[in-house]
Amino acid sequence: MSYTFQFGVLAQYQDQILSGIWLTIKISVLSIILGCAAGIVLASVRSIWGGAVRLLVDAYVEIIRNTPFLVQLFIVYFGLPGLGLRVGADTAALIGMTINLAAYSTEIIRAGTEAIHKSQIEAGEALGFTRFQIYRHVIIVPAIAKVYPALCSQFVLMMLASSICSAISTQELAASAAFIESQTYRSFEIYIAVTLIYLALALALRAVLALIGIWLFGRRIARKTMTALPEVQA
Amino acid sequence: MPEVIVENVHKSFGALEVLKGVSLSVERGEVFALIGRSGSGKSTLLRCMNGLEKINSGRIEIAGHALGEDAKALRKLRTDVGIVFQSYNLFPHLTVGENIMLAPRIVKDVAKAKAREVTREVLQLVGLSEKFESYPDQLSGGQQQRVAIARSLAMRPKVMLFDEVTSALDPELTEEVLMVMEQLARDGMTMILVTHEMGFARRVATQTIFMHKGKIWEHGPSAALFANPQTPELHQFVKSDVK
Amino acid sequence: MTLKTFGLDQFGFLLYSLQWTILLTVIALIGGGLLGFAVALARTSQLKPVRIAAASYIQIIQGIPVLMILFLSYYGLSLAGFELPPLIAAGASMTIYASGYLAEIWQGCIQAVPKQQWEASESLAMTRLQQYRYVVLPQAMRISLPPTVGFAVQVVKNTSITSIIGFVELARAGQPINNATFQPFRVFLAVAALYFVVCYPLSQLSRLLERRLHAGSNR
Ligand SMILES: Nc1ncnc2c1ncn2[C@@H]1O[C@H](COP(=O)(O)OP(=O)(O)OP(=O)(O)O)[C@@H](O)[C@H]1O
Ligand SMILES: [Mg+2]
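Protein sequences, first through last, are from chains A, B and C. Position one of the first sequence corresponds to residue 157 (our numbering), numbered consecutively onward. Position one of the second sequence corresponds to residue 9 (our numbering), numbered consecutively onward. Position one of the third sequence corresponds to residue 257 (our numbering), numbered consecutively onward.
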């Protein structure tokens with residue numbers, strides 16, 4: 157084997173890599189915030205309103221969870237313009253990721269609310285809470301605390317899956333790698349380096365989420381966040 | 009030669025010393041009862057005897073096997089030493105018959121027909137002949153525990169260890185399990201049993217050992233030991249049991 | 257070239273390429289299953305270095321994008337001097353990806369078997385191998401069925417990523433059709449629908465098995 161590794165070339169493309177990292181972080185953080193918020197809202201309305209709303213939310217969740225993220229991206233990026241909505245690659249990535257993560261968040265939070273005991277709800281009623289207050293204080297907040305580690309795993313998976321957005325020419329980290337590869341043909345070095353960057357990003361994201369967990373729910377939950385491995389995949 | 013020799017055994021879990029120099033010897037056909045407060049080290053001593061816990065120092069010899077590091081020798085020892093736990097620990101995915109036949113078949117290479125025959129025999133001994141095809145979760149606690157005893161007996165052990173085997177059972181169910189154990193004792197099995205059933209210990213055990221703080225605090229023929237405790241600790245223990 | 261519309265012929269082509277998606281899924285589940293099983297066993301080994309190595313493997317696979325596994329297999333294998341059809345690279349990467357997740361799922365199932373089952377079988381003089389074979393794995397297998405079927409759904413979906421290195425499975429098949437018809441919305445909706453038809457029943461099956469497991473006895 158005559159191939160010699162030359163990681164040195166990568167230094168020339170530092171800016172390229174940094175801008176890729178930056179976009180990866182940006183779309184990941186934004187989609188996590190938006191997707192999680194949407195998940196809370198959807199899980200809530202589904203449970204409070206019931207009926208047709210519940211069916212609609214469930215259908216949305218099932219459709220998203222049973223189709224590939226890549227195809228969802230294609231529909232947003234290539235499909236929406238056909239309907240008169242032109243979106244850029246970055247926006248399409250953000251929309252696709254948010255739609256995807258919202259569905260998973262809804263499902264995870266729903267599972268959490270179903271694990272809340274009836275007696276706690278009755279206790280809330282006995283204290284004279286309104287329906288909305290009960291839902292907020294007795295159901296949704298404890299539910300989120302309970303599933304926080306699972307949610308975090310899903311967030312990390314979404315960050316990793318953002319690499320798929322390179323397929324619709326979003327210039328995030330994986331796209332930077334592809335670009336540098338096309339310039340230098342040092343494919344193996346580049347992909348190893350970028351893989352390590354993703355690994356570092358995943359660890360960093362986990363650590364940040366654990367800190368947020370401590371701040372929101374206390375230590376016990378946060379510890380699980382660091383160790384819990386994902387159950388589902390985008 | 010004694011069937012069980014325990015000599016100056018020490019055992020610690022981390023910084024906690026649970027056995028602080030325990031020695032005892034059991035002759036063939038004898039029944040020893042181990043009594044004592046919770047945490048005094050009874051289970052630990054029993055579990056050391058079949059190598060479920062590793063001892064820090066001392067010597068254990070049981071059914072002619074010296075307890076040591078070698079895995080193969082340890083398995084050899086275990087074929088001669090049965091143990092029954094408080095929580096039965098039957099294999100839930102196997103029928104009663106399969107539970108009992110499994111170890112003789114795969115460990116001792118007993119032929120299938122022979123294994124079935126042994127299984128029938130031990131099931132009859134514990135009074136559960138009709139449960140051959142049942143699954144553990146179809147049985148009561150007392151029945152499960154009797155199956156667990158039968159499962160151990162099918163290995164033809166020379167020594168049987170029992171760790172509070174009736175503690176999880178209602179009084180009526182306790183009785184049916186104790187009857188099986190008493191029968192075993194009459195048949196000459198060498199037995200060491202941890203128990204909270206003082207009446208049973210007094211009646212069936214030839215010797216009783218009172219453990220306290222990781223040591224053998226008092227030891228003697230059961231009748232004398234219960235009738236005439238020598239230490240305030242045993243006195244207290246026997247008295248609190250009567251209440 | 258005349259502009260075609262998305263019709264039956266095109267749909268037929270999608271349906272045809274679905275078989276590659278399924279083949280790739282099967283390869284990933286078998287290959288990843290074997291590798292993942294070995295890692296799961298290593299994860300529950302009595303030797304600490306083996307356990308740590310297995311844990312690191314799982315953490316790394318789960319900490320990097322599937323796309324990177326794909327690129328590294330693709331370029332790594334060709335670097336080693338193999339001139340490869342994309343199916344091999346795709347199959348290899350999906351196998352590695354699946355192994356990292358299956359190992360973790362199955363490790364959990366093995367550890368869910370109560371410690372007392374190990375002790376009881378050990379006391380009956382079984383070897384460690386016999387304990388796995390006759391006592392622990394049969395019980396772990398029962399618990400593992402629902403999450404394994406659930407994970408199969410993730411594999412089906414993630415095979416779509418192999419289209420990025422040019423492997424023509426279902427997601428890739430949509431692209432030439434889109435180029436010919438300029439009806440991306442329809443085309444990719446049809447692609448999504450086909451994935452859904454495969455994934456949804458699997459998801460439901462996983463749920464059904466899960467419910468049966470919780471309702472049922474220990475057998
Ligand atoms: N695996 C272990 N790791 C750490 N400590 C242990 C372990 N097993 C037992 N211990 C400790 O050793 C001490 C003795 O335990 P052991 O189970 O032998 O007591 P026991 O006399 O059987 O009590 P009980 O009547 O409650 O069963 C206890 O303080 C217990 O907490
Ligand atoms: Mg005990």
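The C-beta atom is built at its ideal place from N, Cα and C for all residues, glycine as well. What you are looking at is a predicted structure, and each value in this text was computed from that prediction instead of being measured.
Following the DSSP letters along the chain, one finds residue 16 of chain B inside the beta strand (DSSP E) bounded by residues 12-21. Given a length threshold of 3 residues, each whole run of the beta strand (DSSP E) inside the stretch 169-225 of chain B is given here in chain order: 198-202, 215-220. Residue 342 of chain C is outside the set of residues whose beta carbon lies under 8 Å from a beta carbon in chain A. Nearest neighbour of residue 310 of chain C by Cα position, chosen from C:323, C:320, C:322, C:295, turns out to be C:295.
The contact set of residue 366 of chain A on chain C, defined by CB atoms closer than 9 Å, is empty, because the minimum CB distance reaches about 15 Å.
In this structure, DSSP gives residue 278 of chain A a helical state, which the three-state scheme calls helix. With a minimum length of 4 residues, the unbroken runs of alpha helix (DSSP H) contained wholly in the stretch 401-440 of chain C fall at 426-437. Leaving aside the five residues that flank residue 307 of chain A on each side, the residues in its chain whose CB is nearer than 6 Å to its CB run, in chain order, 264. Every alpha helix (DSSP H) of 4 residues or more that sits fully in the stretch 67-129 of chain B is shown, in chain order, as 79-88, 104-115. At least one beta carbon of chain C lies nearer than 8 Å to the beta carbon of residue 95 of chain B. Closest in alpha carbon position to residue 274 of chain A, among A:250, A:299, A:255, is A:299. In this structure, residue 446 of chain C and residue 267 of chain C form a Cβ contact; the two beta carbons are roughly 6 Å apart against a cut-off of 8 Å. Here residue 101 of chain B is buried. Its C-beta has 16 or more other C-beta atoms within 10 Å. Residue B:212 holds the alpha-carbon nearest to the alpha-carbon of residue 190 of chain B among B:175, B:226, B:212, B:247.
A distance criterion of 7 Å places the beta-carbon of residue 30 of chain B beyond contact range of ligand 2, judged by its closest non-hydrogen atom.
Taking 9 Å as the cut-off between beta carbons, the residues of the stretch 355-389 of chain C near chain B are 370, 372, 373, 375, 376, 377, 378, 379, 380, 381, 382, 383, 384, 386, 389, in sequence order.
By the criterion of a C-beta distance shorter than 8 Å, residue 202 of chain A is surrounded in its chain by 209, 210, 213, 214, 262, 266, once the five residues flanking it on both sides are discounted. Contacts with chain C (Cβ-Cβ distance below 7 Å) from the stretch 73-91 of chain B involve 83, 86, 87, 91, listed in chain order.
If you draw a straight line from the Cα of residue 170 of chain A to the Cα of residue 337 of chain C, it comes to about 29 Å. Residue-level contact by beta carbon holds for residue 324 of chain C and chain A, with a gap shorter than 8 Å. Rounded to whole angstroms, the gap between the alpha carbons of residue 204 of chain A and residue 291 of chain A is 8 Å. Judged by DSSP in its simplified three-state form, residue 369 of chain C adopts coil rather than helix or strand. Excluding the 5 residues flanking it on each side, residue 103 of chain B has same chain C-beta neighbours closer than 8 Å at 140, 141, 142, 143, in chain order. Looking from the CA of residue 408 of chain C, the closest CA among C:272, C:308, C:454 belongs to C:454. About 5 Å separates the Cβ atoms of residue 183 of chain A and residue 249 of chain A, confirming a contact at the 8 Å cut-off.
When Cβ-Cβ separations below 8 Å define contact, residue 402 of chain C makes no contact with chain B. When the five nearest sequence neighbours on each side are left out, the beta carbons in the same chain lying within less than 8 Å of the beta carbon of residue 237 of chain A are those of 243, in order along the chain. For chain C, the residues of the stretch 31-65 of chain B that bring a beta carbon within less than 8 Å of one of its beta carbons are 58, 60, in chain order.
At least one heavy atom of ligand 1 is found less than 7 Å from the C-beta of residue 24 of chain B.
Setting aside the 5 residues that flank it on each side, residue 259 of chain A is surrounded in the same chain by 216, 217, 220, 221, each with a C-beta closer than 7 Å to its C-beta; the list follows chain order.
Looking from the CA of residue 31 of chain B, the closest CA among B:24, B:57, B:47, B:39 belongs to B:57. Here residue 87 of chain B is buried, its C-beta having at least 16 other C-beta atoms within 10 Å. Nearest in C-alpha terms to residue 320 of chain A, of all of C:322, C:433, C:443, C:287, is C:322. Remark: three or more beta-carbon pairs, one from each stretch, lie closer than 8 Å, so the stretch 201-209 of chain B and the stretch 36-56 of chain B are flagged as touching.
At the C-beta level, residue 27 of chain B and residue 222 of chain B come within 8 Å of one another. Annotation: Cβ neighbours of residue 343 of chain A in chain C (cutoff 7 Å, chain order): 331.
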